[in-house]
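Following this note's numbering, the residues of the sequence shown are numbered contiguously, the last one being 480.
Data first, discussion second: the structure below is written as structure tokens.
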Amino acid sequence: MNSKEVVKKLIDEQGVTQADVAAKMNITPATLWDRINSKKTNSLTVKKLNEMLRALGYEIVIMPRAKA
């Protein structure tokens, strides 16, 4: 699953619309749609992903793996 698919899944799971998320991000719904549906790339920049996740109530967490 890539970053765009994660955002789409969270939008569906939360029962919000892309327009709702776009409004929280202060962008147009068309801009959000283009970012998560563009065929030009399979991923988002960390900055864009973070903005989308914040609007959905999530955050990116990076932590070291547990040593096996």
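Ideal Cβ positions, reconstructed from N, Cα and C, are used throughout, including at glycine.
{"Item": "Contact between the region 419-428 and the region 448-468: three or more CB pairs below 8 Å?", "Value": "yes"}
{"Item": "Using DSSP with H/G/I as helix, E/B as strand and the rest coil, what is residue 415?", "Value": "helix"}
{"Item": "Rounded to whole angstroms, what is the Cα-Cα separation between residue 432 and residue 452?", "Value": "24 Å"}
{"Item": "Tell me where the alpha helix (DSSP H) around residue 434 begins and ends.", "Value": "430-437"}
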